[in-house]
Amino acid sequence: MSPTQVIVIVLVVLVVVAALAVVLRRAARRRALQSRFGPEYDRVVAEQDSRSAAEQELRGRERRHAELTLTPLTPESQARYAAAWEELQIRFVDSPAETVSDADELVGRLIAERGYPTGEFDDQAAHLSVEHAQTLSHYRDAHEIRLRNERGEAETEELRQAVVHYRALFAELLGEDPVSSHTPEQHHSDTPPGDRPDATPTDRPHDATSR
-13 MSPTQVIVIV LVVLVVVAAL AVVLRRAARR RALQSRFGPE YDRVVAEQDS
37 RSAAEQELRG RERRHAELTL TPLTPESQAR YAAAWEELQI RFVDSPAETV
87 SDADELVGRL IAERGYPTGE FDDQAAHLSV EHAQTLSHYR DAHEIRLRNE
137 RGEAETEELR QAVVHYRALF AELLGEDPVS SHTPEQHHSD TPPGDRPDAT
187 PTDRPHDATS R
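Residue numbers (the numbering used here): -13 to 197.
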């Protein structure tokens, strides 16, 4: 084998190794994004023209999130928000439509107090997705029901589900989940709470919120 052939083989090997390193690094970054963003990763991929564009969007979210100054709540603030949520659930039986709007406002105040920017829903969701991707789908579902509610198109059971969805993000943002996990009962429901798929063992037909 001539020296020239040896040099060519070495160069080919180096190119292959470099290409393999790029592929492995890209795969590792992809796994990291998938792990961090969970279902949000798939949603963004479906929205973008390509997987590369989606991953670029998600990395951009990480950079913007790193610029935020997020602060944990004080125990006093946690207690105040928890009490406000319990009161909100109690009001649901008599005023389900108004309660959904109140829940949206309460979650918005909590988001702002934690240090996240408020404004357009999509921008807000993008910031939240970096650390709260697992519960963000609940927030999106609640938002959609709230919009339907404003148009007078949401049924009472949908409104109850909206409160359940809001609670998922609300409790996570509180940090220590002091909020009751039980959901407001459907007003004048024909289905006993124990027979609903999402009912909890301590749901009681006579309670507004099963605290």
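Using N, Cα and C, we set each Cβ at its ideal position, and we do this for glycine too.
For clarity, every value in this text was computed on a predicted model and none was experimentally measured.
Simplified DSSP state of residue i, which is helix, strand or coil
| i | result |
| --- | --- |
| residue 116 | helix |
| residue 102 | coil |
| residue 62 | helix |
| residue 34 | coil |
| residue 46 | helix |
| residue 93 | helix |
| residue 79 | coil |
| residue 123 | helix |
| residue -12 | coil |
Rounded Cβ spacing between residue i and residue j (contact assumed at less than 8 angstroms)
| i | j | result |
| --- | --- | --- |
| residue 96 | residue 26 | So it is not a contact: roughly 20 angstroms between Cβ atoms. |
| residue 111 | residue 126 | 7 angstroms |
| residue 119 | residue 148 | 20 angstroms between Cβ atoms; not a contact. |
| residue 101 | residue 54 | 6 angstroms |
| residue 124 | residue 155 | 6 angstroms |
| residue 247 | residue 94 | Not covered by the structure: residue 247. The range shown for the chain is -13 to 197. |
| residue -12 | residue 47 | With a Cβ gap of about 54 angstroms, residue -12 and residue 47 do not count as contacting. |
Chain-order list of residues whose beta-carbon lies under 6 angstroms from that of residue i (same chain, five-residue window excluded)
| i | result |
| --- | --- |
| residue 144 | 131 |
| residue 37 | 31 |
| residue 52 | none |
| residue 90 | 132 |
| residue 40 | 30, 31 and 34 |
N- and C-terminal bounds of the alpha helix (DSSP H) containing residue i
| i | result |
| --- | --- |
| residue 53 | Careful: residue 53 lies outside any alpha helix (DSSP H) and carries neither H nor E. |
| residue 141 | Premise fails: residue 141 is in no alpha helix (DSSP H) and is neither H nor E. |
CB contact below 7 angstroms: residue i versus chain B
| i | result |
| --- | --- |
| residue 27 | Included in the structure is just one protein chain, with no chain B present. |
Chain-order list of residues whose beta-carbon lies under 7 angstroms from that of residue i (same chain, five-residue window excluded)
| i | result |
| --- | --- |
| residue -6 | none |
| residue 57 | 100 and 101 |
| residue 172 | In this prediction, residue 172 has a pLDDT of 46, which is less than 50 and means its spatial position is unreliable; what the coordinates show is noted afterwards. For residue 172, where only same-chain residues beyond five positions count, the Cβ hits under 7 angstroms are 142, 143 and 146. |
Sequence-distant residues of the same chain with beta carbon closer than 8 angstroms to residue i, five excluded per side
| i | result |
| --- | --- |
| residue 83 | 135, 140 and 145 |
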